[in-house]
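There are 2 protein chains.
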Amino acid sequence: MNKRKTIIDVAKECGLSQATVARVLNGQQDIQVKEKTRKRVMSAAQKIGYRRNTLAANFRLQQSNTIAISIPDITNPFFPELIKGIQEKMRDEGYSVIQLNNEWNPSIEKDHFQYMVQTCVDGAIISPSHSGTDFSTLEGVPFVLLTNSDLYSEYDSVGNNSKAGMRIALEHLYSLGHRKIALLVGGSMRSDPSWRYDIFSEFYREKGLTVPANFLVSCDYNVDSTLSFLQARKSMEIFLSENPMPTAFFASNDILGLAALQVANEHGIKVPDQLSIIGMDGIFSGEVSYPALSTVKKNRSEIGGISAQILLDKIKKPKDWSTKKVLLPCKLIERGSTGPV
Amino acid sequence: MNKRKTIIDVAKECGLSQATVARVLNGQQDIQVKEKTRKRVMSAAQKIGYRRNTLAANFRLQQSNTIAISIPDITNPFFPELIKGIQEKMRDEGYSVIQLNNEWNPSIEKDHFQYMVQTCVDGAIISPSHSGTDFSTLEGVPFVLLTNSDLYSEYDSVGNNSKAGMRIALEHLYSLGHRKIALLVGGSMRSDPSWRYDIFSEFYREKGLTVPANFLVSCDYNVDSTLSFLQARKSMEIFLSENPMPTAFFASNDILGLAALQVANEHGIKVPDQLSIIGMDGIFSGEVSYPALSTVKKNRSEIGGISAQILLDKIKKPKDWSTKKVLLPCKLIERGSTGPV
DNA sequence: CAAATCAATGATAACGTTATCAATTAATCA
DNA sequence: TGATTAATTGATAACGTTATCATTGATTTG
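First to last, the protein sequences are chains A and Z. Residue 374 is where the first sequence ends in my numbering, and the numbering goes up by one at each step. Residue 374 is where the second sequence ends in my numbering, and the numbering goes up by one at each step.
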């Protein structure tokens, strides 16, 4: 077992000093080396099979070239695209990406923050597990939040404009003639869903209508997508048995919307002829349902890319940083689950 | 800006040597230190706010405590659970996980292998992008493959027994009385789908039946889940317009199965009364379709956990390693899309 | 109680890179 | 040409940890 080659070996091989060899071989190109010596070094390195020891370089530079993504759960269909968007951007810039799931558990999340500090990540992109997440553990690590909440006014953040998005959905239903719209919302640890009622009643007021009675189906939005779906199904069943049918449902995310759709189908309610349903997010499952689910799409890969860019900027010039907050628009995707009354 | 504390600072603070401080503070507990000095060190470390420099330790030990996962595409619904399974196991053992997507592109995959060597990952778990993937770039890096193909006999691998899984699905349909079963398969870069025909005809022979004419719907299984779905839809449309209806479809994965289901729904074909459909994999979308898709589930989080365990074993004792090949059973999940003829 | 053994601690050398400054060589200009 | 400046290259010191061996202190044993 022959030992791994170092720049010293290369130096010996080509008869130059360790320093010049290093100059040729280390990343930065902004150094003066003669073309001839550069070639001498390169061929010698090639010949003896030199490979840069990244661990040594990282140590010397005290940077890991790694950024961390902290999210609740990768199996939640909302996140993979987001992560892909981050990864693509980061790879282009030469960073590796470590992805950590906290299972919506604040204590695991805190461990992860500690881990990031320990392991010297250069930065982090964080989707907070709950509204009270404490970022003080992260001292020294630049980070960007994935949120549209105004709870985190002091931090950099990227998110979708969900309020506007909800209005887009309601407007869509309204334009199809729907006046009796019901709301299907899930309470979560992350944010109080009460703003949805505000938007809803505001919308009705603007249209000169009165908010219908029993317009609300609420359910626990759970850790696990499957469980959320089942919860939503249950709430839908109860609602349908106790209330007169609305003409449309707005679901605060696609999983809830799909639950409503499945229950409606099972009850022989024709979607969209008797009932329109629109969701929010734009996950894959909404494309393959029957009928395909209309939705207000959040461009998750764009969120990922932008948050990555902001983090990179912050890493590169941490001085005089002014907090950036980005809210991206949502986009209506009309599919088969919505139609005229 | 005060500099970060080192073990030397701690040593000064508590009046002990650097070496003893290191003994107390470094991970391994199997070293002899008096309880009293241990406390002295700990409180001194606490007091001055010492934090271990992981980068330095990694360099010294020449190990990154990082393993890499190489997969085609995280947005493919097959992978997130798999990754979660790996992550959980690896976190327990103190490893971080870097996840790389190659977009089914062999050249990106190769870059990723090179990157792994460069960056000194301790090991890798790889879902090959295509059947001809070349692992020679990875010299020195222990790795485990995620595959059930026998193309890779020389490597460690973990996968599901898809052949047995397909038989389970066919058996299920058969037991419901189906005799005219059609096959919906997607060709991919990873493996030749011809073994599916073999299993199919073998099954029919065993049952003393003759393989029905025009039993095959084939389509391109694409890089992108959405595209695959649309491809499969198209193939289904064509098949239905040109052939007599079978009583059941076996789809080689859930995405194809969902396409068949959606098209059937659109054509007013009652599933499962007029047509049964069964898929394979057990992705989330199959739970939320209407009717919910029966499937043969691959326990992806288990595959992840087991592959992680094998990799860990291999990292710990690379000597006298005998290649391990694990094939996990698939499990029938009966849902609404299959029923008696 | 001295000798031998064992446990605990100390001194110090790596690990391979980058960065600083000194030394050399090449290029420019009067 | 000789002096001055600019462009290359060389020598060497870090970075903070772990590991090796030497040393000291504590404990046992004949």
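Virtual Cβ for every residue (Gly too), placed ideally from N, Cα, C.
Against chain A, does residue i count as a neighbour if the rule is that its beta carbon must be under 9 Å from one of theirs?
i: L361/Z; result: no
i: P245/Z; result: no
i: S370/Z; result: no
i: T170/Z; result: no
i: P113/Z; result: yes
i: F262/Z; result: yes
i: W137/Z; result: no
i: S258/Z; result: yes
i: T152/Z; result: yes
i: N91/Z; result: yes
Thinking residue i and residue j are a contact (beta carbons under 8 Å), I'd like their distance in whole angstroms, please.
i: G127/Z; j: L344/Z; result: With 8 Å as the limit, G127/Z and L344/Z do not qualify as a contact, their Cβ atoms being about 14 Å apart.
i: A215/Z; j: F248/Z; result: 5 Å
i: T166/Z; j: K213/Z; result: Incorrect: roughly 38 Å between the Cβ atoms, too far for contact.
i: Q132/A; j: I159/A; result: No, Q132/A and I159/A are not in contact; Cβ-Cβ is about 11 Å, not under 8 Å.
i: V304/A; j: L291/A; result: Going by Cβ atoms, the distance from V304/A to L291/A rounds to 11 Å, so no, they are not a contact pair.
If you measure from the beta carbon of residue i to each beta carbon in chain Z, is any gap under 9 Å?
i: C252/A; result: no
i: E142/A; result: no
i: P324/A; result: yes
i: Y83/A; result: no
i: E320/A; result: yes
i: S327/A; result: no
i: C47/A; result: no
i: I41/A; result: no
i: F317/A; result: yes
i: Q342/A; result: no
i: L291/A; result: yes
i: L88/A; result: yes
i: Q79/A; result: no
i: Q51/A; result: no
i: I116/A; result: yes
i: D353/A; result: no
Please confirm whether any heavy atom of the ligand PLP lies closer than 8 Å to the CB of residue i.
i: Q147/A; result: Absence of the ligand PLP is noted for the structure shown, with no ligands found whatsoever.
Quick one: give me the first and last residue of the alpha helix (DSSP H) that residue i is part of.
i: K117/A; result: 112-125
i: L94/Z; result: 87-94
i: G192/Z; result: No alpha helix (DSSP H) contains G192/Z, which is instead part of the beta strand (DSSP E) from 190-193.
i: V57/Z; result: 51-58
i: L344/A; result: 333-349
i: F168/Z; result: Segment: none, F168/Z is in no alpha helix (DSSP H) and carries neither H nor E.
Just reading off the beta strand (DSSP E) that residue i is part of, what are its end residues?
i: K213/A; result: Careful: K213/A lies outside any beta strand (DSSP E) and carries neither H nor E.
i: S309/Z; result: 309-314
i: K330/A; result: 327-330
i: L133/Z; result: 129-134
i: S103/A; result: 99-104
i: I159/Z; result: 156-159
i: V256/Z; result: Where V256/Z is concerned, there is no enclosing beta strand (DSSP E), given that its DSSP letter is neither H nor E.
i: A246/A; result: Where A246/A is concerned, there is no enclosing beta strand (DSSP E), given that its DSSP letter is neither H nor E.
i: I381/Z; result: Nothing about residue 381/Z can be read from this structure; chain Z reaches only from 34 to 374.
i: V177/A; result: 176-179
i: K30/Z; result: Any property of residue 30/Z remains undetermined from this structure, which presents chain Z solely from 34 to 374.
**Message:** Counting only Cβ-Cβ distances shorter than 9 Å, please list the residues of the stretch 118-134 of chain A near chain Z, keeping chain order.
**Reply:** Q120, E121, R124, S129, V130, I131, Q132, L133, N134
**Request:** State whether the stretch 104-115 of chain A contacts the stretch 67-83 of chain A, with contact taken as three or more CB pairs (one from each stretch) at a distance under 8 Å.
**Result:** no
**Request:** Taking a Cβ distance cut-off of 9 Å, strictly less, list which residues of the stretch 93-110 of chain Z are near chain A, in chain order.
**Result:** R93, L94, Q95, Q96, S97, N98, T99, A101, D106, I107, T108, N109, P110
**Asked** With contact counted as at least three CB pairs below 8 Å, one residue from each stretch, are the stretch 200-215 of chain Z and the stretch 168-186 of chain Z in contact?
**Response** no
**Segment contact flag, the stretch 191-203 of chain A with the stretch 229-238 of chain A, C-beta cutoff 8 Å, min 3 pairs** = yes
**Request:** Determine, using beta-carbon pairs with one atom in the stretch 133-144 of chain A and one in the stretch 186-198 of chain A, whether at least three such pairs fall under 8 Å.
**Result:** no
**Prompt:** If you pair each beta-carbon of the stretch 344-359 of chain A with each one of the stretch 52-61 of chain Z, do three or more pairs fall below 8 Å?
**Reply:** no
**Prompt:** Listed in chain order, which residues of the stretch 295-307 of chain Z have Cβ atoms closer than 8 Å to some Cβ of chain A?
**Reply:** Q295, N298, E299
**Request:** Taking a Cβ distance cut-off of 9 Å, strictly less, list which residues of the stretch 175-206 of chain A are near chain Z, in chain order.
**Result:** none
**Item:** chain A contacts from the stretch 219-236 of chain Z (Cβ-Cβ distance under 9 Å)
**Value:** none
**Request:** Inspect the CB distances between the stretch 318-329 of chain A and the stretch 359-367 of chain A and report whether three or more fall short of 8 Å.
**Result:** yes
**Prompt:** Listed in chain order, which residues of the stretch 275-289 of chain Z have Cβ atoms closer than 8 Å to some Cβ of chain A?
**Reply:** I288
**Asked** Any chance the stretch 250-268 of chain Z sits against the stretch 310-323 of chain A, with 3 or more Cβ pairs inside 8 Å?
**Response** yes
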